[in-house]
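Undergrad: In the UniProt record's numbering, the protein residues as written are 1 to 631. Ideal placement from N, C-alpha and C gives every residue a C-beta, glycine not left out. Take a look at this one; I'll ask things after.
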């Protein structure tokens, strides 16, 4: 625990110093920058250690002291950015803070039960989602046990592992999943913080109270979407992480489009965000390529007005594409060197039949559902904008044009993404539009509607000047002293450190695998005890898992190694024997197939060899063989 805390505190303090220097009077921007710098350092440290096959706690601690030191040196000695001027001239006084706090409390009343469940879930962490226990966290543990990111032994290990880097940071020194909930909470807050900053870029106001009202509207609207509530509980999945980095990239591009000062610095930061996103999920490449094209639009200022296209091209490749390739390219280079291909198409070929584009004329995707309704809502502001754009294009600011472009890219990417229109349940296809593949455009869609509402209010005020009489009342809640980032951000950091420390001290690992003890995808009233039995009776062993969720077999503190196949109905003794002879497991754990409820008849070959494969655990859903011989 000490190694984890020291490493985390070091990178957090360095990011805090850097963020306070860049944004001395903009706490929200500083908070987002600090979170990004913390995640960037984690990504860089784990990536470096994993590439050089040195994933161990002491190497992590060493780099966690070196990289933050470099960041502090850059902040103190080398970074001479002029401080960006806040776009607000009036800041909340004590009365204004009390008023906005009261409005936040009142607006969150419908979500109090949700917040209570969230606090409980963060504390106990489990149950996790199907994807997380099937391959995300097993990949994390495979990387840790082999001390390398070059490991490609799991079924989904060829998938980019940028999301797993964040989990390795805590799993490696702690040997527990106790920080999964806290990590997800930070990412959710960062995701909404990025959306809030995009909103303030699009709807600038001189009164902080007005800006706060728009922010409250954004948060309430987002939390009112059922799927959006789910992401706060979906620990360990990559959809939230990639969406967070895409929103940060969008925010940095907005600063490039509007703020001429140090556009190159923001372009570089956009490249960093893009690279991390591509290293997490391949479909992020759709967004990055789309943003590349948007950068060449006229509303983006050119670094060299005399040679606009050439200067933009140089900026894109040197400040954007190069860092994106360095940070996101490792996973694809690894696959190319090991498997001879950039990406294992076998991972997505089943999902190619479930793209929205392919099922565009299938009536099932138009049936009322949360996904189909959101797709319609995401298209609506784009259609409205296009209709009015051709009439008076000069009325729209660059931020709005960029946001419309981003949403258009997001919808296009959603339509092309495998499994975007549904998911597999065994051999069956379930058509149900998956909002998680379009998570990045959920808040931006709401922001566009808020922008239209803002424009309507402005026009009403111009038409009815008496409506503007409330500005004098609003002014009473403001003063001219900007907030001090160091104090506010420092307070948030101390609160976060306290919550993290309490989590580490009080966390108890689960018994069994909550949510998956029933084995079957459809659930079961009489759950199996196989995960509990393995955790209590098997230590420092190699397990061959067939049909089970592998994460439940590693035990705590992750002493077991697991070779796994996720289905059992099509398992063959011949292929299984090859696995046994290659990896030499001490145990074979097999269950009913979670989707079909059946098991391969080839299991009889094991049952008929009781001396070589004695049964050491059995219930009606699963059993465990002990391997006496691998010959």
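1. Could you check what DSSP says for residue 590 in three-state terms: helix, strand or coil?
2. In angstroms, rounded to a whole number, what distance separates the CA positions of residue 411 and residue 21?
3. Using DSSP's beta-bridge definition, name the partner residues of residue 542.
4. Do residue 134 and residue 489 have their C-beta atoms closer together than 7 Å?
5. Please classify residue 309 as buried or exposed, where buried requires at least 16 other C-beta atoms within 10 Å of its C-beta.
6. With 16 as the cutoff for other CB atoms within 10 Å, does residue 186 come out buried or exposed?
7. Within the continuous beta strand (DSSP E) that includes residue 617, where are the two ends?
8. Give me the Cα-Cα distance between residue 266 and residue 314, rounded to the nearest whole angstrom.
9. Pick helix, strand or coil for residue 612, following the three-state DSSP scheme.
10. Please list the terminal residues of the continuous alpha helix (DSSP H) segment that includes residue 275.
11. Comparing alpha-carbon positions, which option in 102, 207, 125 lies nearest residue 508?
12. Determine the closest residue to residue 244 out of 11, 233, 274, 505, with distance taken between C-alpha atoms.
13. Cα-Cα, which of 203, 46, 100, 342 is closest to residue 450?
14. Return the first residue and the last residue of the beta strand (DSSP E) that residue 423 is part of.
15. Given that a residue counts as buried once 16 or more other Cβ atoms are within 10 Å of its Cβ, and exposed if not, what is residue 506?
16. For the candidate residues 544, 520, 588, whose alpha-carbon lies nearest to that of residue 621?
17. Considering only C-alpha positions, which residue in the set 163, 504, 254 is nearest to residue 238?
18. Measuring only the C-alpha atoms, how far is residue 347 from residue 99?
19. Residue 425: buried (16+ other C-beta within 10 angstroms of its C-beta) or exposed?
20. Tell me the DSSP secondary structure of residue 83 in three-state form.
21. Are residue 140 and residue 171 close, meaning C-beta to C-beta below 7 Å?
22. Where does residue 625 fall in DSSP's three states?
23. Is the segment 242-258 touching the segment 295-302, taking contact as three or more C-beta pairs under 8 Å?
24. So the candidates are 382, 606, 160, 493; which of them puts its Cα closest to the Cα of residue 278?
25. By how many angstroms is the C-alpha of residue 303 removed from the C-alpha of residue 131?
26. Count Cβ pairs between the segment 376-392 and the segment 435-448 that sit closer than 8 Å; are there 3 or more?
27. Could you have a look at residue 554 and say whether DSSP puts it in helix, strand or coil?
28. Measuring only the C-alpha atoms, how far is residue 249 from residue 242?
29. With a threshold of 6 Å (Cβ to nearest heavy atom), would residue 587 be considered close to the ligand PLP?
30. Identify which residue in 536, 580, 608, 517 has its Cα closest to the Cα of residue 592.
31. Around the Cβ of residue 112, are there at least 16 other Cβ atoms within 10 angstroms (buried) or fewer (exposed)?
32. In chain order, what residues of the same chain have a beta carbon less than 8 Å from the beta carbon of residue 337, not counting five sequence neighbours either side?
33. According to DSSP, is residue 428 part of a helix, a strand, or is it coil?
34. Within the same chain, show all residues whose beta-carbon is closer than 7 Å to that of residue 419, passing over the 5 residues directly before and after it, in chain order.
35. Check residue 488 in the structure and name its three-state DSSP category.
36. Under three-state DSSP, which class holds residue 13?
TA: Let's see:
1. Against the chain shown, residue 590 aligns to sequence position 590. DSSP places residue 590 in strand when its eight states are reduced to three.
2. In the chain shown, the residue the question calls residue 411 occupies position 411. In the chain shown, the residue the question calls residue 21 occupies position 21. Using only the alpha carbons, I get a separation of about 37 Å.
3. Counting from 1 along the chain shown, the entry for residue 542 is found at position 542. Answer by DSSP bridge pairing, in chain order: 561.
4. For the purposes of this step, residue 134 is taken as residue 134 along the chain shown, with counting starting at 1. For the purposes of this step, residue 489 is taken as residue 489 along the chain shown, with counting starting at 1. No, they are not a contact pair.
5. Counting from one through the chain shown, the residue named residue 309 turns up at place 309. Looking at its Cβ environment, which holds fewer than 16 other Cβ atoms inside 10 Å, residue 309 is exposed.
6. To locate residue 186, count along the chain shown from 1; it is residue 186. Flag for residue 186 reads buried.
7. Stepping through the chain shown from its first residue, residue 617 is reached at position 617. Start and end: 615-618.
8. For the purposes of this step, residue 266 is identified with residue 266 of the chain shown, where counting begins at 1. For the purposes of this step, residue 314 is identified with residue 314 of the chain shown, where counting begins at 1. Whole-angstrom Cα-Cα distance: 15 Å.
9. Translated into positions along the chain shown, residue 612 becomes position 612. In the structure shown, residue 612 sits in coil (DSSP, three-state: anything other than H, G, I, E or B).
10. Position 275 of the chain shown, counted from the first residue, corresponds to residue 275. Note, residue 275: alpha helix (DSSP H), 263-278.
11. By 1-based counting over the chain shown, the position of residue 508 is 508. Out of 102, 207, 125, 125 has the C-alpha closest to the C-alpha of residue 508.
12. The residue labelled residue 244 in the question sits at position 244 within the chain shown. The option with the nearest alpha carbon to residue 244 is 274.
13. Mapped onto the chain shown, residue 450 falls at position 450. Looking at the Cα atoms, 203 is the closest of the given residues.
14. Taking the chain shown and counting its residues from 1, the one referred to as residue 423 is at position 423. Element bounds for residue 423: 422-425.
15. Looking up residue 506 in the chain shown gives position 506. Under this definition residue 506 is an exposed residue.
16. As a position in the chain shown, residue 621 is number 621, starting the count at 1. For the residues 544, 520, 588, the minimum Cα distance to residue 621 belongs to 520.
17. Taking the first residue of the chain shown as 1, we reach residue 238 at position 238. When each option's Cα is compared against that of residue 238, the closest is 163.
18. Numbered from its first residue, the chain shown carries residue 347 at position 347. Numbered from its first residue, the chain shown carries residue 99 at position 99. Answer to the nearest angstrom: the Cα atoms are 52 Å apart.
19. Against the chain shown, residue 425 aligns to sequence position 425. Residue 425 comes out exposed.
20. As a first step, residue 83 must be located in the chain shown, where it is residue number 83. Because residue 83 carries a pLDDT of 49, less than 50, the predicted location of this residue cannot be relied on, and no value is offered for it.
21. On the chain shown, position 140 is the one that residue 140 refers to. On the chain shown, position 171 is the one that residue 171 refers to. The answer is yes: Cβ separation under 7 Å.
22. Working through the chain shown from its first residue, we reach residue 625 at position 625. Residue 625: strand per DSSP, three-state reduction.
23. yes
24. Stepping through the chain shown from its first residue, residue 278 is reached at position 278. Minimum Cα distance to residue 278 is reached at 160.
25. Here residue 131 refers to the residue found at position 131 of the chain shown. Here residue 303 refers to the residue found at position 303 of the chain shown. Each residue's alpha carbon lies about 44 Å from the other.
26. yes
27. Your numbering for residue 554 matches position 554 in the chain shown. Looking at residue 554 - three-state DSSP - the assignment turns out to be coil, as it is neither helix nor strand.
28. For this step, residue 249 is matched to residue 249 along the chain shown. For this step, residue 242 is matched to residue 242 along the chain shown. Rounded to the nearest angstrom, the two C-alpha atoms are 11 Å apart.
29. Of the ligands one can find in the structure shown there are none, so the ligand PLP has no counterpart to examine.
30. Residue mapping note: residue 592 aligns to position 592 of the chain shown, counting from 1. Minimum Cα distance to residue 592 is reached at 517.
31. Within the chain shown, numbered from 1, the residue matching residue 112 stands at position 112. Result: exposed.
32. Within the chain shown, numbered from 1, the residue matching residue 337 stands at position 337. Once the five neighbours on either side are set aside, residue 337 has no close Cβ partner at all.
33. Residue 428 sits at position 428 when you count from the first residue of the chain shown. Looking at residue 428 - three-state DSSP - the assignment turns out to be strand.
34. Taking the first residue of the chain shown as position 1, residue 419 is located at position 419. The residues are 351, 354, 434.
35. For this step, residue 488 is matched to residue 488 along the chain shown. Residue 488: helix per DSSP, three-state reduction.
36. Along the chain shown, read from residue 1 onward, the residue named residue 13 stands at position 13. Three-state result, residue 13: helix.
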